[in-house]
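Each residue of the sequence shown is one higher than the last, beginning at 39 in the working numbering.
For each residue, glycine too, the CB sits at the ideal point set by N, CA and C.
See below for the structure under consideration.
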Amino acid sequence: MEELLRKWEEEDREAREIRRREADWDFISSQPPRLRIALEFYVETGDLHLAARMAGMTVDEFNELRIKARIPIVL
39 MEELLRKWEE
49 EDREAREIRR
59 READWDFISS
69 QPPRLRIALE
79 FYVETGDLHL
89 AARMAGMTVD
99 EFNELRIKAR
109 IPIVL
């Protein structure tokens, strides 16, 4: 069980690093506070639904913003 938990934590860490590395931080920084915070939250967590809710957008709208910010979906 602990080994499985460690594996999941490592996968989460790797996904977060990929999102951080690939993101367009200039674009993210130029966004209004609500959108910037939601994009940063998505980079850190990968939770598209909650990030969209934080931004006050639909998931589809937020996904378009994510694409503009060059943040990859890491599975």
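{"Check": "Boundaries of the alpha helix (DSSP H) in which Ile111 is found, first to last residue", "Outcome": "Careful: Ile111 lies outside any alpha helix (DSSP H) and carries neither H nor E."}
{"Check": "Whole-angstrom distance between Gln69 and Glu52, CA atom to CA atom", "Outcome": "26 Å"}
{"Check": "Outcome for Gly94 when other beta-carbon atoms lying within 10 angstroms are tallied against a minimum of 16", "Outcome": "exposed"}
{"Check": "Unbroken alpha helix (DSSP H) run spanning Pro71, endpoints", "Outcome": "71-83"}
{"Check": "Classification of Arg57 by the beta-carbon crowding that lies within 10 angstroms, buried from 16 upward", "Outcome": "buried"}
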